[in-house]
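Here's the structure we're looking at; comments come further down.
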Amino acid sequence: AQSVTQLGSHVSVSEGALVLLRCNYSSSVPPYLFWYVQYPNQGLQLLLKYTSAATLVKGINGFEAEFKKSETSFHLTKPSAHMSDAAEYFCAVSDGGGGSYIPTFGRGTSLIVHP
Amino acid sequence: SQTIHQWPATLVQPVGSPLSLECTVEGTSNPNLYWYRQAAGRGLQLLFYSVGIGQISSEVPQNLSASRPQDRQFILSSKKLLLSDSGFYLCAWSVGLAGYPEQFFGPGTRLTVL
């Protein structure tokens, strides 16, 4: 079985500050891990993914995430927040089990960026 | 490149009326297809998924149903809408092969049931 926990339903930062969105997962096998971003009234867009290659994964819009097996974490970071980063962020895990490889999503973290 | 379409973009329906939401994917073959719902302030709820034509798996018992009449077409339906059916409906697809679990989402349909 797989599960995802996103700590903090809301994270507030100032423009230019570090962004850190937390994600912890559980999986019985080596997982695939994803971060998605959702802007208001839009679908989800894939930010980045971990598929057992490099543990530090770089994505779009300056975001990156580090896979830490010992901590079962996949936190999302960005060195300097921009106003356009304000959105909902979802972490997801797939253990690859079963024919459909359906990922499990976290409940989401709303990123608020203050000027 | 692959694209995914959903329509309508917004819909306002009275309680008890029928529903039909359509999703189509272009640029790929044999995709896995998914319907999700987002209620206000909540995460994603998987409603249905399909690994092939006519093959539908339901994740949550409810008054909704899904069909896949063609390889790249996925339809969400209801005979009688409830107030609780309001929400943002998202269609997604993924490559139907092992090792490719990332999903690609459509723009969504905002459904309001009054």
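Protein chains in written order, with the numbering used here: chain X, 1 to 115; chain H, 1001 to 1114.
Note that the Cβ used here is the ideal one computed from N, Cα and C, for glycine as well.
All of these numbers come straight from a predicted model, not from anything done at the bench.
Proximal chain H residues relative to residue i, where beta-carbon distance stays under 7 Å
i: X/Ser94; result: Pro1101
i: X/Phe105; result: Gly1043, Leu1044
i: X/Gly108; result: Gly1043
i: X/Lys49; result: Glu1102
i: X/Ser32; result: For the sequence presented, residue 32 of chain X should be read as Tyr rather than Ser. In chain order: Pro1101.
Within chain X, partners of residue i - CB distance below 9 Å
i: H/Phe1105; result: Tyr36, Gln38, Gln42, Gly43, Leu44, Gln45, Leu46
i: H/Ser1094; result: Ser100, Tyr101, Ile102, Pro103
Residue i, enclosing beta strand (DSSP E) - first and last residue
i: X/Val4; result: 3 to 7
i: X/Gln45; result: 44 to 50
i: X/Ile102; result: Counting along the chain, X/Ile102 falls outside any beta strand (DSSP E), and DSSP gives it neither H nor E.
i: H/Ser1020; result: 1019 to 1026
i: H/Gly1106; result: No beta strand (DSSP E) contains H/Gly1106, which DSSP labels as neither H nor E.
i: X/Ser110; result: 109 to 114
Alpha-carbon spacing of residue i relative to residue j, whole angstroms
i: X/Gly8; j: H/Pro1069; result: 41 Å
i: H/Leu1081; j: H/Ala1009; result: 18 Å
i: H/Tyr1089; j: H/Ser1077; result: 12 Å
i: X/Val13; j: X/Phe90; result: 18 Å
i: X/Ala81; j: X/Tyr101; result: 33 Å
i: H/Ser1086; j: H/Leu1114; result: 9 Å
i: X/Ala65; j: X/Ser26; result: 17 Å
i: H/Val1095; j: H/Gln1103; result: 8 Å
i: H/Ile1053; j: X/Gly62; result: 39 Å
i: H/Pro1107; j: H/Gln1006; result: 6 Å
i: H/Phe1105; j: X/Val19; result: 24 Å
i: H/Val1060; j: X/Phe67; result: 31 Å
Outcome for residue i when other beta-carbon atoms lying within 10 angstroms are tallied against a minimum of 16
i: X/Trp35; result: buried
i: H/Arg1042; result: exposed
i: X/Gly43; result: buried
i: X/Glu88; result: buried
i: X/His75; result: buried
i: H/Pro1101; result: buried
i: H/Tyr1034; result: buried
i: H/Gln1055; result: exposed
i: X/Ala92; result: buried
i: X/Lys49; result: buried
i: H/Val1012; result: exposed
i: H/Leu1021; result: buried
Closest by C-alpha distance to residue i, when choosing among the options
i: X/Ser84; options: X/Gly16, X/Gln2, X/Ser3; result: X/Gly16
i: H/Asn1032; options: H/Gly1087, H/Thr1112, H/Ala1092; result: H/Ala1092
i: H/Leu1046; options: X/Pro103, X/Thr109, X/His82; result: X/Pro103
i: X/Tyr32; options: X/Glu71, X/Gln45, X/Ser52; result: X/Ser52
i: X/Asn24; options: X/Glu88, X/Ser94, X/Tyr39; result: X/Ser94
i: X/Lys69; options: X/Leu20, X/Leu56, X/Phe63; result: X/Leu56
i: X/Pro30; options: X/Gln2, X/Val11, X/Leu48, X/Gln38; result: X/Gln2
i: H/Thr1003; options: H/Thr1024, H/Arg1110, H/Asn1063, H/Gln1038; result: H/Thr1024
i: H/Arg1037; options: H/Lys1079, H/Glu1022, H/Phe1048, H/Ser1067; result: H/Phe1048
i: X/Val11; options: X/Thr5, X/Val4, X/Leu21; result: X/Leu21
i: X/Ile112; options: X/Ser28, X/Val4, X/Tyr39, X/Thr5; result: X/Tyr39
i: X/Pro79; options: X/Thr72, X/Ser73, X/Lys58; result: X/Lys58
i: X/Phe105; options: H/Pro1018, H/Leu1044, H/Val1015, H/Ala1039; result: H/Leu1044
i: H/Asn1063; options: H/Gly1016, H/Ser1029, H/Arg1072; result: H/Gly1016
Contact with chain C by residue i, beta-carbon distance below 9 Å
i: X/Ile112; result: Although the question refers to chain C, the structure presented lacks it and instead comprises the protein chains X and H.
Contacts that residue i makes with chain X (C-beta to C-beta distance below 8 Å)
i: H/Leu1090; result: Gly43, Leu44
i: H/Gly1108; result: Asn41, Gln42, Gly43
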